[in-house]
Each structure stands twice: as structure tokens, then as C-alpha cells.
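Novice:
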Amino acid sequence: MARAVAEYYAGRDPFGRAGDFTTAPEISQAFGECLGLWAAVTWQMMGAPAPLRLVELGPGRGTLMADALRAIAEVMPAFRAAIDLHLVEASPTLRAAQAARLPGATWHDQVEEVPPGPAILIANEFLDALPIRQFIHREGGWRERFVQDGAFLELPPEAAPPLPAEAPEGAIHELAEAGLALTRSLTERLRSGGGAALILDYGPAEAGFGDSLQALSAHGPADPLAAPGSVDVTAHVPFAALAEAARGAGAAAHGPLPMGLFLQRLGLMSRAAILARSNPRQAGLILSGAERLVAPEGMGRLFKALCLCHPGLAIPPGFEPV
């Protein structure tokens, strides 16, 4: 999966109508604006350190960050002046698109390359593209699923990680080792340097069995095994496991909670209404895009929001208990 994902992103722009899928920043500019203001308030809660490493993992075309910085500059220019912008992106094609929108940014292949110091990190639809391992329960034991010649191959696992003791026949357990490793790396950074990481992606809030491996091509479902490197291959993000890993490593974890609820708490629908009034010809499109992000039948329930932060930081905006 890792090689296929790397090949897929290396030489293409997969976003938008002409690509394979559309992400939240491309659906509504209010999305990036609200996240920018979320970062601004979080920065204030951190004591307004300067410089502040503002980091985005997998920035796509740079749309989210461009919208965020525009809102930050208008509402909190002191925060904009304190920002040292860093983008974690391996694709040369996407780096070029980001550079056109985000001059002055610094690029890295891995988040570990970002210089130390207080940081706010944003990962929107990033972890779903990280590789996973799958195990299937057969005749009272676990077998690992591999891919060979375009089909699944089941073998007894070598050096298997801890797996559930009991499971129904045919149950699939997914292990997101890369996502957990990234979480631990972020946790160590936040504990030592201070700050917060906001993760927005799709997946369940609670752990469970299930096969979430999927692929998209031209905005429709595709066979994830048929043409490696030519389709968008993803898997659900195990939010409960990420939160547990972060807490186990000494960070605070808030959420996960439905993304629709999180965005409504940040005022996304109100911002969309303002945008619609200022652009009457596009009002319907603006409002329907915002509704798609928050509605349970759209992205609002399947997508989740999770915040990892320094244990001494107060609860960031949007995650306040009801």
C-alpha cells in the first residue's frame, strides 16, 4: 500500500473535478478559514509564542493553508507575523502547486524534519493514506493478508502484534502501525516543544472489526488491487487507537468527535452565510458546500476531529465538553 500511494501522488494532482476526489478545502473556503482561526485562538492559549511553527501534513494544492492564512491575517495579524510556515509534502507536482499559493513556505518529506519549537499542526485527510496491515480470523486463529499478483494472500503472521483474543470467523482486524508511529512522533514533539495537532479524517470513533481498504478513481469506487499506483487507495483512521497512543505517551487527546459538530462549533455555517450574501450568484453553491461538510449524511458524521496537545494546554476550541 505504501508504494502504491507514493506512486499515485508523485506525479499527479488528484484533487477536484478533473481528479479522483475532492477534499473539504476544495468544497468550501470557509473550512480553511475556520481552521485558521482555530489555530489563532489555540496560539493565544499557548501564550502567543513567536516564532510558531504552523505545519500542515499533506497540504494538497495548498488551498486549506491559503484560506487559513488569509483569515488569520485579517483577524489576528500578530499571529500571522509569528508564523513560520512548514509543509510536509513528498510529491514534486503538489509542491509546485503549493508554492504558487504559499510563497515563503519550507517543505519537508517527513514531519520529523520540521525544526523544534512550539507548533500547531494540521493533518486533513492525511492519515487515511498511510499504510495498514490487515489480519483475518480463520478457524480460531489470525492470518495476515498480503497482496500478490493482484489478489489477497492469507498467511500465518510472523512476529504478529497483539491481536484480539476472540473474534468471529472471517473478522478483519486492521492495524495502522504507520498512523500510530506518526501519533507518537507528534506526541513527543508536542510534549517537548508545546502546541497542538488537529487531525481531520474519516473513520470510526470506536475500535471494531471491519475491512475499510478502499480506492477511488474519477470520483467513483475502484478496485484497490487492480492498478496499484493509479488509483487513490485509503483506509479508515482508527481514532480511538490514536487517542489512546497519544495519552499513553503523555499528551492530552480531545475527541474524536464528528467533524460536522466540530465545524459548527467553529462557526462554519455562519461564515458560509456571510460568503453567500457577498456573492449572491454563487450563494447556492456556497451554502450547499458548507452543508456537505457538516451534515450527517454528508461528511459530518463519517469524518472525525481529534486534537492532540501538550498536557498543560487548556481544551482547544471546538472540543469543549457539552
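First residue of the sequence shown: 7, per the working numbering; consecutive thereafter. Where is the CB? At the ideal position from N, CA and C, for every residue including glycine. Small disclaimer: the values here were computed from a predicted structure and weren't measured.
1) Could you compute how far the alpha carbon of F85 sits from the alpha carbon of W49?
2) Of the choices A56, A77 and P65, whose alpha-carbon is the least far from that of L41?
3) Hey, would you say L75 sits closer than 9 Å to A30, going by beta carbons?
4) Just verifying my parser: in three-state terms, what is the DSSP assignment at Q35?
5) Quick one, are the C-beta atoms of L136 and A182 less than 9 Å apart?
6) Considering only the beta carbon of each residue, do G214 and V243 sit closer than 9 Å?
7) Going along the chain, which unbroken runs of the beta strand (DSSP E) with 3 or more residues stay wholly within the stretch 123-169?
8) In this structure, what does DSSP give as the bridge partners for T48?
9) For P163 versus R149, is the C-beta distance shorter than 9 Å?
10) Going by C-alpha distance, which of R151, L267 and H260 is nearest A166?
11) For a test of the three-state rule: what should DSSP assign to E95, helix, strand or coil?
12) Looking at C-alpha atoms only, which residue of D134, A36, D73 and L196 is the closest neighbour of L314?
13) Between which two residues does the alpha helix (DSSP H) carrying R283 extend?
14) Looking only at its own chain, which residues have a Cβ that is under 6 Å from the Cβ of S218, when we skip the five neighbours before and after it?
15) Closest by CA to P55, which one among R67, Q220 and P122?
16) Using only CA atoms, which one of A111, L186, R59 and D207 lies nearest to N130?
17) Give every residue of the same chain whose Cβ lies closer than 6 Å to the Cβ of A173, excluding the five residues on either side of it in the sequence, and list them in chain order.
18) Exposed or buried, R287, counting other C-beta atoms within 10 Å across all chains shown (16 or more means buried)?
Specialist: In brief:
1) 8 Å
2) A77
3) no
4) helix
5) yes
6) no
7) 125-130, 139-144, 147-154 and 157-161
8) Note: T48 sits in no beta bridge, so no partner.
9) yes
10) R151
11) coil
12) L196
13) L274 to S284
14) A241 and H242
15) P122
16) D207
17) H143
18) exposed
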